[in-house]
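Chemist: Same order as they appear, the protein sequences are chains A and B. Quick note: the first sequence uses this note's numbering, first residue 34, plus one each step. Quick note: the second sequence uses this note's numbering, first residue 31, plus one each step. Have a look at this one before I ask anything.
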Amino acid sequence: MTSHFDTRSMTILVVDDEKISRLIIAQILEAEGFLLVEASSGEECIEKAINGQPDIILLDISMPGMSGIEVCRILLAEQRTMQIPIIFVTGSPSDQVLQQAFEAGCSDYIGKPVERIELLVRVKSALYQKVLLQKNFEREKLTGVLELAGAVCHELNQPLHAVMGYSDILLRNTSEKDPNYRYIRTINEQIERMGKITAQLMNITRYKAKEYLGGSNIVDIAKSSSEGPLESQKIL
Amino acid sequence: MTKKILVVDDEEVIRDMLAKAFVTQGYEVIAATDAEEALAKITPDTQVMFLDLKLPGMSGMDLCRKIRKDSPLASIYAMTGYASLFELADSREAGFDDYFTKPVKLEMLFMAAQLAFERLELWEKKA
């Protein structure tokens, strides 16, 4: 079976209160190269989903305690897990249970007893959709970054040009012995540095973020620019 | 004969700065805020020009095309605060000799002006 991604880098969380059910699924998926993590209850599933960030969750519907449908609702409402596709694994569900399952936000469902080909096809299909969604999301973010870059360059380069020009004129008219010469030269150098940053902004071709204070992300201008990092940043 | 440079930019602070800068180098500067004013101020001896690409009304690109029709030997430079690669490719087609992305160091503009006048003198000697 061909894939659009490397199964060896994908982790699947299998949730079932019955160990034998988890084993059957695990054997099929591990033979295909997936990494497996198991949970035997809804609570354990939520904890492992948040902390382990699996690529997909195979979730039994009828479990003692929290049902699979309840777990699904919680995971999709939680920001850290809402992007993880969930496939329900269930015996022969009634139409009503199926309706509840899809309304809770699952991606798909697989009937028990689990059949190898069907399991692999549905898991890979859900993973492929996730990859596509992610790519689309990145593309939309890039469009936003490009629009912002254009606006910032246009607005900033005009005043930068004026300040750089005037500081150039002042430098030419000031003797190196004048104590102000050093200050004007610093203004001039810093404006040149800002000019290099706006030049990188104009060359943004991909979206790369870096962590900023307080865990938030900011666009990494150097890595997102086709010109690559500035000389000064390479040294750092 | 004084060497004349035309500067077109819709921002006063840029026009003033460029005028002061070129005057210190001994050039005479004619400044215009838009394409219309530029076309009205161009005389046969205006052969070196720096045009902002983003102008109100007629764009710097269209202004260049218009000037090129009557002044095939002129040296026309584009200045821009933001331009995509497509726009920069278009600037060649429009007839610009070169382009500068703001902020530009005056040294670069002085060099461009000097080369432009040297080229003009060569043509005049040949003619």
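Ideal Cβ positions, reconstructed from N, Cα and C, are used throughout, including at glycine.
(1) State the start and end residues of the unbroken beta strand (DSSP E) segment that holds B/Glu-41.
(2) Are A/Ile-89 and A/Pro-126 touching if we call contact CB-CB under 8 angstroms?
(3) The region 35-68 of chain B: which residues have C-beta closer than 8 angstroms to a C-beta of chain A, in chain order?
(4) Less than 8 angstroms between the C-beta atoms of A/Cys-78 and A/Leu-46, yes or no?
(5) For A/Asp-211, would you say it is in contact with chain B, using Cβ-to-Cβ distances shorter than 8 angstroms as the test?
(6) Would you mind sorting B/Arg-45 into buried or exposed? The rule is 16 or more other CB atoms within 10 Å of its CB.
(7) State the start and end residues of the unbroken beta strand (DSSP E) segment that holds A/Gly-144.
(8) Can you find a CB in chain B that lies within less than 8 angstroms of the CB of A/Met-43?
(9) Let me know the secondary structure DSSP gives A/Ser-100 once reduced to three states.
(10) Measuring CB to CB, does A/Val-122 end up less than 8 angstroms from A/Leu-91?
(11) So which residues of chain B does A/Ile-202 contact, with C-beta pairs closer than 9 angstroms?
(12) So, for A/Ile-230: in the same chain, excluding its five sequence neighbours on each side, which residues have a beta-carbon less than 7 angstroms away from its beta-carbon?
(13) Which of the three DSSP states is assigned to B/Met-109 in this structure?
(14) Using 8 angstroms as the Cβ pair cut-off and three pairs as the minimum, do the region 87-94 of chain B and the region 54-72 of chain B touch?
(15) Beta carbons nearer than 7 angstroms to chain A: which residues of the region 98-120 of chain B have them?
(16) With a threshold of 8 angstroms on Cβ separation, who are the neighbours of A/Ser-228 within its own chain once the five nearest residues in sequence on each side are excluded?
(17) Can you say whether A/Val-178 is buried or exposed, counting buried as having 16 or more other CB atoms within 10 angstroms of its CB?
(18) Do the region 127-138 of chain B and the region 102-118 of chain B touch if we need at least three Cβ pairs shorter than 8 angstroms?
(19) Could you have a look at A/Ala-209 and say whether DSSP puts it in helix, strand or coil?
(20) Using alpha carbons as the reference points, say which of A/Gln-132, A/Ile-83, A/Ile-120, A/Lys-210 lies closest to A/Gln-112.
Modeler: Working from what's here:
(1) The residue labelled residue 41 of chain B in the question sits at position 11 within the second sequence. No beta strand (DSSP E) contains B/Glu-41, which DSSP labels as neither H nor E.
(2) The residue labelled residue 89 of chain A in the question sits at position 56 within the first sequence. The residue labelled residue 126 of chain A in the question sits at position 93 within the first sequence. Their beta carbons are not under 8 angstroms apart, which means A/Ile-89 does not touch A/Pro-126 by this criterion.
(3) Glu-41, Val-43, Ile-44, Met-47, Leu-48, Lys-50, Ala-51, Thr-54
(4) Taking the first sequence and counting its residues from 1, one reaches residue 78 of chain A at position 45. Taking the first sequence and counting its residues from 1, one reaches residue 46 of chain A at position 13. Cβ distance < 8 angstroms, so A/Cys-78 and A/Leu-46 count as in contact.
(5) Translated into the one-based positions of the first sequence, residue 211 of chain A becomes position 178. So, not an interface residue.
(6) Looking up residue 45 of chain B in the second sequence gives position 15. Buried, since its Cβ has 16 or more Cβ neighbours within 10 Å.
(7) Residue 144 of chain A sits at position 111 when you count from the first residue of the first sequence. Run containing A/Gly-144: 141-144, per the beta strand (DSSP E) assignment.
(8) The sequence position of residue 43 of chain A within the first sequence is 10, counting from 1. Answer no: the Cβ-Cβ gap between A/Met-43 and chain B never drops below 8 angstroms.
(9) Counting from 1 along the first sequence, the entry for residue 100 of chain A is found at position 67. Annotated three-state conformation of A/Ser-100 is coil, per DSSP.
(10) The residue given as residue 122 of chain A occupies position 89 in the first sequence. The residue given as residue 91 of chain A occupies position 58 in the first sequence. For A/Val-122 and A/Leu-91, yes; Cβs fall inside 8 angstroms.
(11) Taking the first sequence and counting its residues from 1, one reaches residue 202 of chain A at position 169. Within chain B, the residues Met-47, Lys-50, Ala-51, Thr-54, Leu-136 have their CB atoms less than 9 angstroms from the CB of A/Ile-202, given in chain order.
(12) As a first step, residue 230 of chain A is located in the first sequence; it is residue number 197 there, counting from the start. For A/Ile-230, where only same-chain residues beyond five positions count, the Cβ hits under 7 angstroms are Ile-254.
(13) Numbered from its first residue, the second sequence carries residue 109 of chain B at position 79. The answer is strand: DSSP assigns B/Met-109 an E or B state.
(14) yes
(15) Gly-111, Tyr-112
(16) Here residue 228 of chain A refers to the residue found at position 195 of the first sequence. Residue 228 of chain A is actually Gly in this sequence, not Ser. These residues qualify, in order along the chain: Asn-190, Leu-193, Met-197.
(17) By 1-based counting over the first sequence, the position of residue 178 of chain A is 145. So A/Val-178 ends up on the buried side.
(18) yes
(19) Here residue 209 of chain A corresponds to residue number 176 of the first sequence, with the count starting at 1. Residue identity check: residue 209 of chain A is Glu in the sequence provided, not Ala. A/Glu-209 falls in the coil class under three-state DSSP.
(20) Position 79 of the first sequence, counting from 1, holds the residue named residue 112 of chain A. Of the candidates A/Gln-132, A/Ile-83, A/Ile-120, A/Lys-210, the one whose C-alpha sits nearest the C-alpha of A/Gln-112 is A/Ile-83.
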